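Sequential numbering of the sequence shown, starting at 109, is according to this note's numbering.
Ideal Cβ placement from N, Cα and C applies to all residues, glycine included.
What you are looking at is a predicted structure, and each value in this text was computed from that prediction instead of being measured.
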Amino acid sequence: MLRQTILGILLIFASSFLQAEQKQSLDLIKQKIESYVVNELANQHSDDIQVSAEKIDPRLNLKACEDAELEVFNPYKTPMIYTSTVGIRCKEQNTHWTLYVPIRITLNKKVIVAKRALPKDTPITVADIAKVKMDVSHLKQGYFIQEQDVIGRVSKHNIPEGTALNAFNLQSAVVIHKGEQVSIQAINEMINVSMHGIALNDGALGDLIKVQNQSSKRVIEAQVSGTKLVRVTL
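1) Quick check on the burial criterion: 16 or more other C-beta atoms within 10 angstroms. Buried or exposed for ALA235?
2) Pull up the DSSP beta-bridge partners for PRO210, would you.
3) Give me the residue from GLN132, TYR251, ILE267 with the minimum Cα distance to LYS241.
4) What would DSSP say about GLN249, mapped onto helix, strand or coil?
5) Mapping DSSP to helix, strand and coil, what is ASP156?
6) Three or more C-beta pairs under 8 Å: does that hold for the segment 265-280 against the segment 298-305?
7) Is it the case that the Cβ atoms of ILE189 and ALA161 are separated by a distance below 7 Å?
8) Please check the pair PRO210 and THR193, which I expect to be a contact at CB under 8 Å, by giving their CB distance rounded to whole angstroms.
9) Could you tell me the alpha carbon to alpha carbon distance between PRO227 and LEU215, rounded to whole angstroms?
10) Kindly give me the distance between the Cβ atoms of VAL168 and ILE232, rounded to whole angstroms, as I take these residues to be in contact under 8 Å.
11) Are the CB atoms of SER146 and ILE213 nearer to each other than 7 Å?
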């Protein structure tokens, strides 16, 4: 009887010792983080997404946390695609810890690139571009995915072959040049009047430029709406 009692006490102590020694699975942390990031990105991008949580220091000695109490979060206000670190914390009442884990995101998407080297001021045509799958998580200056968004634009500077085209290396083509005669379209809800003027600035579609009315010599600001055509709202 005494032997059974002692054995029972030992089992209780052993059980308590094992519970106290239970440590958080680092593999589970990695799995939770990768799943969280993939789900977050899937809400914004329907592309080939790959996420890898960097190796966690195996010497970490975190107390085990109930699965339901593990919370993964983005510690930054930046979009998830530009995040390099993700946090995970245990919200259990008696187990509070927070861990920050570096992550690597690969988001592959077909984007428009220069099919050949493009000198400065080159008007972009279909022959100049190609669609290539790239990791857009590293394209901090943006990118285009539709051909119509780049065709007709002009290179701002020399663009090497294979470079992703974006709003920083392309600009809208100039359709009005300084000193050129233009047609001024003055409109409001009641009238639509056209008159001649002289452009005082270069302008691309949508630009606001200064134009001098040829009759009154008055200088106005008008929006470029087409080749040799500007519009002003009365």
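Put simply:
1) One-based indexing of the sequence shown puts residue 235 at position 127. Per the 10 Å Cβ criterion, exposed.
2) By 1-based counting over the sequence shown, the position of residue 210 is 102. Beta-bridge pairing links PRO210 to THR193.
3) Along the sequence shown, one-based indexing puts residue 241 at 133. When only C-alpha atoms are compared, the closest one is TYR251.
4) Position 141 of the sequence shown, counted from the first residue, corresponds to residue 249. Correct three-state label for GLN249: coil.
5) For this step, residue 156 is matched to residue 48 along the sequence shown. Correct three-state label for ASP156: strand.
6) no
7) One-based indexing of the sequence shown puts residue 189 at position 81. One-based indexing of the sequence shown puts residue 161 at position 53. Going by C-beta atoms, ILE189 is not nearer than 7 Å to ALA161.
8) To locate residue 210, count along the sequence shown from 1; it is residue 102. To locate residue 193, count along the sequence shown from 1; it is residue 85. At roughly 5 Å, the Cβ-Cβ gap stays under 8 Å, so PRO210 and THR193 are in contact.
9) Your numbering for residue 227 matches position 119 in the sequence shown. Your numbering for residue 215 matches position 107 in the sequence shown. One C-alpha to the other measures close to 29 Å.
10) The residue you call residue 168 lines up with position 60 of the sequence shown. The residue you call residue 232 lines up with position 124 of the sequence shown. Sequence check: residue 168 is Leu here, not Val. In fact, because the Cβ distance is near 52 Å, the residues do not count as touching under 8 Å.
11) Locating residue 146 in the sequence shown gives position 38, where the first residue counts as 1. Locating residue 213 in the sequence shown gives position 105, where the first residue counts as 1. Checking the displayed sequence, the identity of residue 146 turns out to be Val instead of Ser. Cβ distance not < 7 Å, so VAL146 and ILE213 don't count as in contact.
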